Amino acid sequence: MPSRQKLIFALVVLLIAAVTGLGALWLTRGPGGPISLGEALVGGPFTLTDQNGKRVTDQDFRGKYMLIFFGYTYCPDVCPGELQVMSAALDELGPKGEKIQPIFITIDPARDTPEALKVYVSNFHPRMVGLTGSEADIAEVAKAYRVYYAKAKGAENTPDYLMDHSTILYLMGPDGKFVKHFTYNTDVKALVEGLRNAIQ
Numbered sequence: 001m002p003s004r005q006k007l008i009f010a011l012v013v014l015l016i017a018a019v020t021g022l023g024a025l026w027l028t029r030g031p032g033g034p035i036s037l038g039e040a041l042v043g044g045p046f047t048l049t050d051q052n053g054k055r056v057t058d059q060d061f062r063g064k065y066m067l068i069f070f071g072y073t074y075c076p077d078v079c080p081g082e083l084q085v086m087s088a089a090l091d092e093l094g095p096k097g098e099k100i101q102p103i104f105i106t107i108d109p110a111r112d113t114p115e116a117l118k119v120y121v122s123n124f125h126p127r128m129v130g131l132t133g134s135e136a137d138i139a140e141v142a143k144a145y146r147v148y149y150a151k152a153k154g155a156e157n158t159p160d161y162l163m164d165h166s167t168i169l170y171l172m173g174p175d176g177k178f179v180k181h182f183t184y185n186t187d188v189k190a191l192v193e194g195l196r197n198a199i200q
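Per our numbering, the sequence shown starts with residue 1, numbered consecutively.
(1) Would a C-beta distance cut-off of 8 Å place P114 and G53 closer than the cut-off?
(2) What's the C-alpha gap between Y149 and D164?
(3) Where does L171 land, buried or exposed, given buried means 16+ other C-beta within 10 angstroms?
(4) Please report how far the alpha carbon of R46 lies from the alpha carbon of V179, in whole angstroms.
(5) Between I103 and the rest of its own chain, which residues show a CB-CB distance below 6 Å, the 5 nearest in sequence each way excluded?
(6) Report back the beta-carbon spacing between L93 and V188 to the nearest angstrom; my notes put them in contact at under 8 Å.
(7) Assign Q101 to buried or exposed, taking buried as 16 or more other Cβ atoms, counted over all protein chains shown, within 10 Å of its Cβ.
(8) Give me whichever residues DSSP pairs with K180 in a beta bridge.
(9) DSSP state of M163, grouped into three classes?
(10) Since T106 contacts Y161 with CB under 8 Å, what's their CB separation in whole angstroms?
(11) To the nearest angstrom, how far is the alpha carbon of K151 from that of D112?
(12) Alpha carbon to alpha carbon, what distance is there between N197 and F203?
(13) Please state whether DSSP places A88 in a helix, a strand or coil.
(14) Please identify the residue among I199, R55, S166 and Q84 whose C-alpha is closest to the C-alpha of S122.
(15) Could you pull the start and end residues of the alpha helix (DSSP H) that K138 belongs to?
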């Protein structure tokens, strides 16, 4: 390879390396230092109705961490299982668990009225808040949290329909910003450890 071509090739390689390095730095550091890549992508303001019929917003939970799960009261297995894990983890955290507000947001507002939610969440942690709203309210908060949900195929027109939905557990900070998430089947021990490490 002629020396001129070698020089051009070397400059191109250096340019690619520099751009890649700057891109990685921009993704992992913000004005305040290291951040989560998902910080700007998950969460946002919402206005919903709790199990007591009171309209609440995300601002009502400022100052506390929010541990949020999206599901529905007719869910046969995944939702109750996840809420039981949440409840057990909060109990095991002791005083540190008091910093966390457990929240269950329905993706089936047609059936999950405040009255239905009140009965349902009473089966789990005593501080569990159940939230519902109009179809538009739920669609908006689900979009903000990147939650997928839809009626299961083949059962759309039956009263006992099931719902397909994502099963991520979201931890939001006292400022309302995304902290981390936990995937489905995270057990109590792993959830306690993850929360303990994340809570300041």
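The C-beta atom is built at its ideal place from N, Cα and C for all residues, glycine as well. Predicted model only: the values in this text are computed from it and were never measured.
The structure says:
(1) Yes; because the gap between Cβ atoms is below 8 Å, this pair is in contact.
(2) About 5 Å.
(3) When all chains shown are included, L171 counts as buried.
(4) Checking the sequence shown, residue 46 turns out to be Phe, not Arg. So the alpha carbons of these two residues sit roughly 18 Å apart.
(5) Excluding residues up to 5 positions away in sequence, M66, I68 and V129 lie with their Cβ nearer than 6 Å to the Cβ of I103 in the same chain.
(6) Rounded, the Cβ-Cβ distance is 10 Å, inconsistent with contact.
(7) Q101 comes out buried.
(8) K180 has L171 as its beta-bridge partners, per DSSP.
(9) DSSP places M163 within a strand segment (E or B) once states are collapsed to three.
(10) Between T106 and Y161, the beta carbon gap of about 14 Å keeps them out of contact (Cβ cut-off 8 Å).
(11) In a straight line, the C-alpha of K151 is about 14 Å away from that of D112.
(12) The structure shown does not extend to residue 203, since the chain is modelled only from 1 through 200, so no value can be given for it.
(13) Residue state, collapsed to three classes: helix.
(14) The candidate whose alpha carbon is nearest that of S122 is Q84.
(15) In the sequence on display, residue 138 carries Ile and not Lys. Here the alpha helix (DSSP H) through I138 covers E135 to A144.
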